[in-house]
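Colleague: What follows is a structure written as structure tokens; I'll ask about it next.
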Amino acid sequence: MPLTPEQEAEIEDLRAAPKPTLRAVSEGAEAHLYKVHPVLDHGFVRMVDYMGDDSAICQAARVSYGRGTKSVSNDEGLIRYLMRHWHSTPFEMCELKLHVKLPVFVARQWIRHRTANVNEYSARYSILDREFYIPRAEDLAAQSAQNNQGRGDVLNPEESARVLQWLREDAMRSYDHYEAMISDTSPEGEGQQGLARELARMNLPANIYTQWYWKVDLHNLFHFLRLRADAHAQYEIRVYADAICEMVKDWVPMAYRAFEDYRLGGVTLSTMAVECLRRMLVGEEVTQETSGMSAREWREFQGVLKKHD
Ligand SMILES: Cc1cc2nc3c(=O)[nH]c(=O)nc-3n(C[C@H](O)[C@H](O)[C@H](O)COP(=O)(O)OP(=O)(O)OC[C@H]3O[C@@H](n4cnc5c(N)ncnc54)[C@H](O)[C@@H]3O)c2cc1C
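Read the sequence shown against full-length UniProt numbering and you will find it ends at 309, with the numbers running on by one and no gaps.
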């Protein structure tokens with residue numbers, strides 16, 4: 001259960017008190033506002049605020065005095081044109097603010113996206129909760145033989161049970177020591193000074209959960225989602241990206257459709273790849289040897305051409 005009943009009541013209060021506004025409102029985003037979308041075993045992502053909607057993108061692109069809306073098909077055409085031609089600044093007119101609870105090792109990947117504003121829960125000031133990410137057995141896989149940065153086959157049941165036991169035991173032991181270090185009572189029941197929280201936390205493993213507020217504009221959010229909702233991203237960050245995709249789809253449906261078509265599902269081809277395609281289209285049989293591509297480039301190119309079910 002990621003939230004306490006008090007936190008859930010706060011969210012309900014916020015959702016029960018809508019206020020009139022002159023600002024652009026996205027019905028799809030309103031349906032998500034404040035709600036918790038659970039991710040992993042203790043994590044979540046929730047939309048705290050948003051600015052703009054599909055028409056705000058058109059408004060900025062047309063530098064319009066009004067809403068910027070011409071007609072739905074006109075707007076969608078414009079948004080798709082902007083996305084296709086990397087005219088990105090109109091997308092920066094929309095913003096999203098999220099509250100995310102995530103394991104520290106996921107946060108380390110996430111924080112590499114520098115074009116966002118972040119405020120993280122302070123483990124100098126506050127005591128971290130006893131909450132650790134423990135993967136499901138089906139997510140415990142062996143090191144991939146093909147990809148140094150990935151996982152391969154799922155571990156067999158005995159090995160998986162052993163790993164899970166170690167993960168749980170190490171997490172609990174570290175947290176027990178963390179609590180003992182910050183306590184003003186020693187293990188023998190004597191008074192002690194209690195180590196500063198900013199030092200005691202160094203004992204905690206990277207699967208402990210942290211939280212932050214994360215605000216980003218739509219252009220940079222799409223960049224994040226392009227990288228992290230991709231099949232090559234680590235599963236534990238991808239599930240967050242997938243949850244955010246569901247929100248963005250409802251918040252700015254036209255922009256999201258364009259993003260899906262041109263970025264998420266689209267590919268960038270090199271000059272060599274385009275040349276190979278042209279040769280293939282006129283019936284020439286092209287092989288890696290005659291393509292001018294390296295073995296890896298050719299493999300990736302074949303992956304693009306392969307029909308996915
Ligand atoms: C599958 C995968 C594997 C990865 N593996 C590794 C790894 O092994 N080691 C590792 O260290 N990282 C790794 N990364 C992280 C990766 O290198 C990027 O740091 C991360 O994806 C953030 O991308 P970004 O810099 O484009 O995003 P952002 O920081 O959001 O920046 C967005 C864009 O803004 C511009 N920008 C932002 N800041 C600057 C700046 N200071 N100067 C110039 N331009 C700027 C750039 O054009 C950038 O593309 C990996 C990422 C992925 C998706």
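Idealized CB from N, CA, C, for every residue including glycine.
So Asp250 packs on Gly28, CB below 8 Å; how close in whole Å?
Modeller: 3 Å
Colleague: Under the three-state reduction of DSSP, which class applies to Asn207: helix, strand or coil?
Modeller: coil
Colleague: According to the Cβ coordinates, are Glu95 and Gly150 closer than 8 Å?
Modeller: Result no, Cβ atoms of Glu95 and Gly150 do not sit closer than 8 Å.
Colleague: Assuming Ala107 and Thr210 form a contact by the criterion Cβ under 8 Å, report the distance between their Cβ atoms to the nearest whole angstrom.
Modeller: The Cβ separation is near 5 Å, so the contact holds.
Colleague: Taking the beta carbon of Ala254 as the centre, do at least 16 other beta carbons fall within 10 Å, making it buried, or is it exposed?
Modeller: According to the sequence shown, residue 254 is Met rather than Ala. Classification of Met254: buried, given that the 10 Å Cβ count is 16 or more.
Colleague: Hey, would you say the C-beta of Ala171 is under 7 Å away from at least one heavy atom of ligand 1?
Modeller: no
Colleague: Check this for me: beta carbons of Leu98 and Arg46, under 8 Å apart or not?
Modeller: yes
Colleague: Which stretch, first to last residue, makes up the alpha helix (DSSP H) that contains Phe44?
Modeller: From DSSP, Phe44 is part of no alpha helix (DSSP H) but of the beta strand (DSSP E) over Gly43 to Met51.
Colleague: For Glu76, which residues in the same chain have their Cβ closer than 7 Å to its Cβ, ignoring the five residues on either side in sequence?
Modeller: Met254
Colleague: Kindly give me the distance between the Cβ atoms of residue 319 and Gln109, rounded to whole angstroms, as I take these residues to be in contact under 8 Å.
Modeller: Because the chain in this structure spans residues 1 to 309, residue 319 falls outside the shown range and cannot be described.
Colleague: So does Thr89 have its beta carbon nearer than 7 Å to some heavy atom of ligand 1?
Modeller: no
Colleague: Work out the CA separation of Arg130 and Ala196 for me, nearest whole Å.
Modeller: 18 Å
Colleague: Ignoring anything shorter than 4 residues or poking outside the region 112 to 191, list the alpha helix (DSSP H) runs there in chain order.
Modeller: If we require 4 residues or more, the alpha helix (DSSP H) runs fully inside the region 112 to 191 come out as 157 to 182.
Colleague: Inspect the beta-carbon positions of Val304 and Val267 and report whether they are closer than 8 Å.
Modeller: yes
Colleague: Beta carbon of Arg23: closer than 7 Å to some heavy atom of ligand 1?
Modeller: Because no heavy atom of ligand 1 lies under 7 Å away, the Cβ of Arg23 does not count as near it: no.
Colleague: Quick check: what's the CA-CA separation for Pro103 versus Gly43?
Modeller: 8 Å
Colleague: Less than 7 Å between the CB of Gln193 and some heavy atom of ligand 1, yes or no?
Modeller: No, ligand 1 has no heavy atom inside 7 Å of this Cβ.
Colleague: Assign Glu275 to one of three DSSP states: helix, strand, or coil.
Modeller: helix
Colleague: Between which residues of its own chain and Cys276 is the CB-CB distance below 6 Å, once the five residues before and five after are set aside?
Modeller: Scanning its chain for C-beta atoms nearer than 6 Å, with the 5 sequence neighbours on each side dropped, one finds around Cys276 the residues Val286 and Ser291, in chain order.
Colleague: Quick test of your reading: His240 and Val248, contact by CB under 8 Å. State the CB separation rounded to the nearest angstrom.
Modeller: Looking at the sequence provided, one finds Tyr at residue 240 rather than His. Between Val248 and Tyr240 the Cβ distance is about 13 Å, and since that is not below 8 Å, they are no contact.
Colleague: Measuring CB to CB, does Arg145 end up less than 8 Å from Leu155?
Modeller: One point to set straight first is that residue 145 is Ala, not Arg, in the sequence displayed. No.
Colleague: I'd like the span of the beta strand (DSSP E) that includes Lys101, first residue to last.
Modeller: Taken as a continuous stretch (DSSP letters only), the beta strand (DSSP E) holding Lys101 covers Glu95 to Pro103.
Colleague: Hey, Tyr175 and Leu199 are a contact pair by Cβ (cut 8 Å); roughly how many whole angstroms apart?
Modeller: 15 Å between Cβ atoms; not a contact.
Colleague: I think Phe259 touches Ile208, with their Cβ atoms under 8 Å apart; what is that distance to the nearest whole Å?
Modeller: The C-beta distance from Phe259 to Ile208 rounds to 33 Å, too long to meet the 8 Å contact threshold.
Colleague: Counting only the same chain and skipping the five closest in sequence on each side, list residues whose C-beta sits under 6 Å from that of Ile11.
Modeller: Tyr34
Colleague: Going by the C-beta, is Asn220 closer than 7 Å to any heavy atom of ligand 1?
Modeller: yes
Colleague: Is the beta carbon of His99 within less than 7 Å of some heavy atom of ligand 1?
Modeller: Taking 7 Å as the cut-off, one finds no heavy atom of ligand 1 near enough to the beta carbon of His99.
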